[in-house]
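Numbering (our numbering), first residue to last: 102 to 257.
Step one of this worksheet: look at the structure below.
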Amino acid sequence: MSGKSGAMNLKRKLDMKSQKMPWVLSGLILAVIGATFWVGREPDATTAPTAATATGVRVPAQFSEAAARGGTAFDSTCAACHGVNGAGTDAGPPLIHRIYEPPHHGDYAFQLAVSNGVRAHHWRFGNMPPQPGLSEAEVSDIIAYVREVQRENGIE
Numbered sequence: 102m103s104g105k106s107g108a109m110n111l112k113r114k115l116d117m118k119s120q121k122m123p124w125v126l127s128g129l130i131l132a133v134i135g136a137t138f139w140v141g142r143e144p145d146a147t148t149a150p151t152a153a154t155a156t157g158v159r160v161p162a163q164f165s166e167a168a169a170r171g172g173t174a175f176d177s178t179c180a181a182c183h184g185v186n187g188a189g190t191d192a193g194p195p196l197i198h199r200i201y202e203p204p205h206h207g208d209y210a211f212q213l214a215v216s217n218g219v220r221a222h223h224w225r226f227g228n229m230p231p232q233p234g235l236s237e238a239e240v241s242d243i244i245a246y247v248r249e250v251q252r253e254n255g256i257e
């Protein structure tokens with residue numbers, strides 16, 4: 102009798118496992134799809150654009166007042182590393198790139214980067230040092246400039 106009971110218990114356990122299997126498999130498939138999406142969003146640091154490859158950045162025909170001020174501040178503070186119009190250089194990444202689109206790097210991320218610096222995490226350009234010579238208002242103008250150039254290049 103215990104042999105029959107043991108077989109029934111085993112059958113019940115197997116039935117329960119087979120009921121859980123589709124859920125486990127579905128979760129695994131979703132995790133793989135999600136990971137593929139997020140990994141696909143990260144740039145390949147070995148092929149990061151440089152001054153020589155990040156050409157063709159379009160600029161708007163006219164900037165807002167804030168963006169015009171920001172462009173001047175960008176040119177004097179940021180362009181040495183981030184390139185003319187944010188196209189990137191051998192010293193810093195291009196800001197006119199989908200990795201810096203607002204949903205991924207919001208405006209506050211730029212404020213924090215300027216005030217605190219940034220540890221290298223998307224590209225292999227090294228860490229960005231803080232930029233203490235810029236006020237919060239100046240950084241807001243620079244952000245307006247970068248966002249307007251991004252929009253002109255289809256990054257929103």
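Note that CB positions come from ideal geometry on N, CA and C, so glycine has one too.
All values derive from a computational prediction rather than experimental measurement.
*Would you identify the three-state DSSP class for residue 247, choosing helix, strand or coil?*
helix
*Could you have a look at residue 158 and say whether DSSP puts it in helix, strand or coil?*
coil
*Contact check, residue 185 vs residue 250 under 8 Å by CB: the rounded distance?*
Not a contact, Cβ separation roughly 10 Å.
_Below 8 Å on the Cβ atoms is my contact criterion, and I expect residue 197 with residue 187 to pass it. Report the Cβ-Cβ distance as a whole number of Å._
5 Å
*Expressed to the nearest angstrom, what Euclidean distance is found between the alpha-carbon atoms of residue 179 and residue 255?*
22 Å
*At what residue ranges does the stretch 173-233 contain a whole run of the alpha helix (DSSP H), taking only runs of 4 or more?*
180-183 and 208-217
*Does the separation of the CB atoms of residue 243 and residue 181 fall below 8 Å?*
no
*Own chain partners of residue 170 with C-beta closer than 7 Å, once the 5 adjacent residues on each side are dropped*: 242
*Which value, in whole angstroms, describes the spacing of the CA atoms of residue 212 and residue 162?*
26 Å
*Status (buried if at least 16 other CB within 10 Å, exposed otherwise) for residue 220*: exposed
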